[in-house]
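J.: Can you keep this structure in mind? I'll have questions shortly.
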Amino acid sequence: MLRQIGEFYHQGEKDDTSRVWMTCWHYGGRILASCGDDKVVRVWSLVGEPDSKLRLECRTTLDDSHNGRSQQAGRTRKRKDEDEDFSVSSILQPHTQDVKQVVWHPTEDLLVSCSYDSSIRFYRYDGEDWVTQQKIDNCHVGTVWSAAFDSEGHRLVTVGEDHVIQLFVRENIDSKSADQDTWKSVARLEVENTRWPLYSVTWNSENDAIATGGGDSKIRLFKISSKSSDSPIIEHLGVVGSHEYDVNHVAWNPKFSNILSSASDDGTIRLWELDI
1 MLRQIGEFYH QGEKDDTSRV WMTCWHYGGR ILASCGDDKV VRVWSLVGEP DSKLRLECRT
61 TLDDSHNGRS QQAGRTRKRK DEDEDFSVSS ILQPHTQDVK QVVWHPTEDL LVSCSYDSSI
121 RFYRYDGEDW VTQQKIDNCH VGTVWSAAFD SEGHRLVTVG EDHVIQLFVR ENIDSKSADQ
181 DTWKSVARLE VENTRWPLYS VTWNSENDAI ATGGGDSKIR LFKISSKSSD SPIIEHLGVV
241 GSHEYDVNHV AWNPKFSNIL SSASDDGTIR LWELDI
């Protein structure tokens, strides 16, 4: 059984409700990112000890006015008689439309957001606050729905409304950490035989298989191959599964690498086994 230990409003007040599209835990387990249709990415801290009171406190705001400054926000909400203590450590507002997904780098303090405004944003922790590291506009034609890192965090794939899967790589792997590096697009593939968006992408940490789910109800498999690291190719391996309606999310199991889960508008969660 699950026991609810807290409830928090993405915009800070009960009357300021907005749809929350996704939450994603940092690999260390003490930081949570959330995003919604208010165009904002929020970074939360999980703090406190058992039996402590729960509070929601907005500490800083980054408004992306190109000056990099943060503003203190003094809004606080409290919930009593709970077991954990959350506080908002940063509010990041670089997008002009809904933020559809957030994803953490697997080993470093780097966060990526995907938006309806066709862009992706990279954020890093500078020791005091979360700041925008890089902005990539016009990443896709239309909404950028999802992104996923490879197991090492050197590569990133995105999918979007344009039924394109795109590959980004770090430019200075040998000389910079991921949160200080810049990213560039090196390959893209438009999926044929569909006019529907790709809503979700997941990258297998063991065998490098990439799976996507989309608006045409299909689950597809891809891999990255190349004769050299400078000229990668995205290969479409084909349709490997389907639902009755839109596939909204796909995810590889982090422990059993050949197991994939999918979630759909048809009301089902399905499990798939990849023959390796």
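In this text, residue positions in the sequence shown follow the UniProt record's numbering: the first is 1, and each later residue adds one. Note that CB positions come from ideal geometry on N, CA and C, so glycine has one too.
1. Report buried or exposed for residue 234, applying the criterion of at least 16 other Cβ atoms within 10 angstroms of its Cβ.
2. Between which two residues does the beta strand (DSSP E) carrying residue 24 extend?
3. Could you give the DSSP three-state label for residue 31: helix, strand or coil?
4. Within 10 angstroms of the Cβ of residue 220, are there 16 or more other Cβ atoms? Answer buried if so, exposed if not.
5. Could you tell me the distance, in whole angstroms, from the CA atom of residue 259 to the CA atom of residue 138?
6. Given this structure, state the Cα-to-Cα distance separating residue 218 from residue 38, to the nearest angstrom.
7. Could you spell out the range, first to last residue, of the beta strand (DSSP E) harbouring residue 267?
8. Rounded to whole angstroms, what's the CA-CA distance from residue 237 to residue 265? Just pull it up for me.
9. On a CA-only basis, which of 28, 106 and 19 is nearest residue 150? Give me that one, please.
10. Report the CB separation of residue 183 from residue 134 in whole angstroms; it is logged as a contact under 8 Å.
11. Between 251, 215 and 192, which has its C-alpha nearest residue 205's C-alpha?
12. Residue 173 by DSSP, collapsed to three states: which one?
13. Quick check: the Cα distance between residue 108 and residue 125, rounded to an integer number of angstroms?
14. Name the two residues that bound the continuous beta strand (DSSP E) containing residue 133.
15. Measure the CB-CB distance between residue 169 and residue 186 and report whether it falls below 7 Å.
16. On the DSSP bridge assignment, give the partners of residue 187 in chain order.
17. For residue 105, which residues does DSSP report across the bridge?
18. For residue 257 and residue 263, what's the separation of their Cα atoms in angstroms?
19. Distance, Cα to Cα, residue 180 vs residue 102?
20. Taking 6 Å as the limit between beta carbons, can you name the residues of its chain near residue 198, skipping five residues before and five after?
21. Between the alpha carbons of residue 42 and residue 28, how many angstroms are there, rounded?
22. Using 8 Å for Cβ pairs, my map puts residue 104 next to residue 154. What's the rounded Cβ distance?
23. Which whole-angstrom value is the C-beta distance of residue 136 and residue 119, which I expect to be below 8 Å?
24. I'd like to check one pair, residue 100 with residue 21: are the Cβ atoms closer than 7 Å?
25. Which residue comes first and which comes last in the beta strand (DSSP E) that contains residue 121?
26. What does the Cβ neighbour count give for residue 141, buried or exposed, with the cut at 16 atoms within 10 Å?
27. Among 33, 248, 240 and 249, which residue has its Cα nearest to the Cα of residue 272?
T.: The short version:
1. buried
2. 20-25
3. strand
4. buried
5. 33 Å
6. 30 Å
7. Counting along the chain, residue 267 falls outside any beta strand (DSSP E), and DSSP gives it neither H nor E.
8. 24 Å
9. 106
10. 6 Å
11. 251
12. coil
13. 10 Å
14. 130-136
15. yes
16. 167
17. Answer is none; residue 105 lacks a bridge partner.
18. 18 Å
19. 19 Å
20. 159, 163, 212 and 214
21. 17 Å
22. About 15 Å separates the two Cβ atoms, so there is no contact after all.
23. 6 Å
24. yes
25. 120-125
26. exposed
27. 240
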